[in-house]
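For the sequence shown, this note's numbering begins at 82 and goes up steadily by one. Built from N, CA and C at the ideal position, the CB exists for glycine as well.
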Amino acid sequence: MTDYVEGDLGYPQPYFIVYAAHSCLSLLIPLHLAFLSWKTKLPVSRYIAELKHALAQQFPKPNSPGVDYGSLARTVFLSATWYNVAALLWYLSVGFAPISDVTAIWSSTAFWTYIISVLASTYCVNSSGRQVDKWESRKLLAVSTATVGVAAVVYGGSSQTQEISSPSKSSNEPTSSATSNSVLIGDTLALLSALATAAWAVWYDRSIALPEDERSRPPSPQPSDNIDGAHAEYQPLRTDDELTRLTGTSNPAYSLPFGLHANFFSWTIGMITFFVFWIPLVLINILKLGPPVELPPNPKVWLGVTFIAVMSMTFNSLALILLYMWGPVLMAVTSLLTIVLVLAGDVLFGKGMQTITVGTLLGSTMIVGAFGLLMKDSMMKG
């Protein structure tokens with residue numbers, strides 16, 4: 082869709098598209114809290130209190146109770162800036178290189194995520210308590226296989242790739258050179274985006290994600306959560322004193338509904354993007370730092386940008402929840418499964434069986450196999 086909006090609809094405005102897409106993440110917490118309140122018939126304020134309590138444990142004030150909002154603000158601003166820059170690099174690359182090149186290169190995110198996670202680990206234990214081995218042959222094999230599998234799907238599925246990425250034989254030499262330079266720029270931007278995304282995922286896992294044993298906790302109550310003898314679907318803990326009474330400790334475990342902590346930090350990305358990153362939009366135009374940033378010129382382009390924003394919000398929020406549950410490496414490989422799903426959709430609703438080639442079939446098998454290998458490894462360790 083991004084390639085269609087920037088190319089076919091003639092709207093090459095990657096910064097505005099990133100701004101719109103990531104600003105939509107600001108809808109996550111209102112939607113999540115509204116759903117929880119509707120589902121459990123409990124007031125939103127109770128979930129906010131729970132979230133605040135979890136943040137107080139994660140970002141404690143020195144020598145006093147409560148949330149260290151300075152530390153929290155620095156962390157979320159760094160997260161939002163890093164995330165936006167990585168995404169902007171990808172959107173910029175689409176304007177220079179064929180989408181097949183961009184997809185194949187960006188898929189190396191899984192490979193780089195594993196490399197960076199190992200290099201960043203301190204021998205055995207990271208800050209969230211997960212044991213990290215230095216080098217695991219199964220993981221290295223899995224991420225390498227998935228990356229090669231994506232390339233097989235992308236380049237083995239269409240004969241048009243060579244036509245797009247290679248200059249026409251009838252074109253003159255300057256045009257050929259300009260096209261080659263453009264593709265090189267796009268490929269470089271896609272690679273930088275993959276590296277930035279991989280590094281961000283590893284940093285996020287170590288700096289923001291909850292402890293390992295709390296990531297996939299379901300929102301069902303424990304027997305001790307019966308308050309006043311009444312059983313409820315979910316009994317959020319109301320105050321720090323009650324948390325202490327129920328758990329017998331002044332530093333009780335996290336007790337947030339599933340996905341709320343992940344969606345909170347996704348929401349901060351959306352809020353910071355919406356309230357801060359409009360400033361470069363204005364400066365680019367005033368200082369003439371590049372091509373002017375323009376709003377979509379017609380309803381068709383607006384519809385395309387809106388669709389990108391909604392799909393981006395859905396994909397990014399689910400990806401961050403998976404990062405909480407499974408860690409950055411498995412999350413990165415899981416995201417590659419969308420390529421297989423797109424291929425299946427093209428078979429069912431698009432070009433039919435002519436989409437299937439030896440390359441696409443082999444590549445899809447490699448991606449699914451890599452995912453299965455990592456899942457098996459994860460369950461064995463869990």
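- Taken in chain order, the complete alpha helix (DSSP H) segments of 4 residues or longer contained in the stretch 116 to 173 are 125 to 139.
- Residue His113 holds the alpha-carbon nearest to the alpha-carbon of Ile129 among Pro141, His113, Asn144.
- Ala167 and Trp281 do touch by the CB rule: their CB atoms are close to 6 Å apart, below 8 Å.
- Looking at Gly340, Lys457, Thr395, the one whose alpha-carbon comes closest to that of Tyr405 is Gly340.
- Taking a cut-off of 8 Å for Cβ pairs, the stretch 115 to 128 and the stretch 370 to 380 do not touch, as fewer than three such pairs fall below it.
- Glu375 carries a coil assignment under DSSP once its states are collapsed to helix, strand and coil.
- If you ignore the 5 residues before and after Leu401, its C-beta comes within less than 6 Å of the C-beta of Ala343, Ser347, all in its own chain and listed in chain order.
- Nearest in C-alpha terms to His134, of all of Leu368, Lys369, Gly147, is Gly147.
- Just so you know, the alpha carbons of Ile448 and Trp193 end up roughly 16 Å apart.
- The DSSP-derived three-state label of Pro338 is coil.
- Judged by DSSP secondary structure, Ser393 falls within the alpha helix (DSSP H) whose first and last residues are 380 to 407.
- When secondary structure is reduced to three states using DSSP, Lys369 falls in the coil class, being assigned neither helix nor strand.
- Going by beta carbons, Ala223 and Val414 fall inside the 9 Å limit.
- Straight through space, the alpha carbons of Gly351 and Trp359 are spaced by roughly 12 Å.
- For Ile353, the number of other beta carbons within 10 angstroms of its own is at least 16, and it is reported as buried.
- In this structure, Leu270 places its C-beta atom within 9 Å of the C-beta atom of Trp171.
- In its chain, beyond the 5 residues on either side, Gly351, Thr354, Phe355 have a beta carbon closer than 7 Å to the beta carbon of Ser104.
- For the pair Gly267 and Ser174, the CB atoms are nearer than the 9 Å cut-off.
- By the C-beta density criterion, Ala390 is buried, having at least 16 other C-beta atoms within 10 angstroms.
- Residues Met412, Thr415 of the same chain have their beta carbon placed closer than 6 Å to that of Leu403, with the five preceding and five following residues left out of the count.
- Residue environment: Pro373 is assigned as exposed (fewer than 16 neighbouring CB atoms within 10 Å of its CB, all protein chains considered).
- Separation of Leu455 and Val283 (C-alpha to C-alpha, rounded to the nearest whole angstrom) is 17 Å.
- When the beta-carbon positions are compared, Ala451 and Leu399 stay at least 9 Å from each other.
- In the DSSP assignment, Ser107 falls outside any alpha helix (DSSP H), carrying neither H nor E.
- Judged by beta-carbon spacing, Val229 lies beyond the 9 Å limit of Gly453, meaning their Cβ atoms are not closer than that value.
- Rounded to the nearest angstrom, the gap between the Cα atoms of Ser160 and Leu153 is 11 Å.
- Assigned with DSSP and collapsed to three states, Trp359 falls in coil, not helix or strand.
- If you ignore the 5 residues before and after Thr349, its C-beta comes within less than 6 Å of the C-beta of Val157, all in its own chain and listed in chain order.
- Gly385 places its beta carbon 9 Å or farther from that of Tyr164.
- Straight-line spacing of the CA atoms in Ala290 and Ala137 works out to 14 Å.
- Annotation: the continuous alpha helix (DSSP H) that includes Val199 extends over 190 to 201.
- Per DSSP, reduced to three states, the secondary structure at Phe452 is helical.
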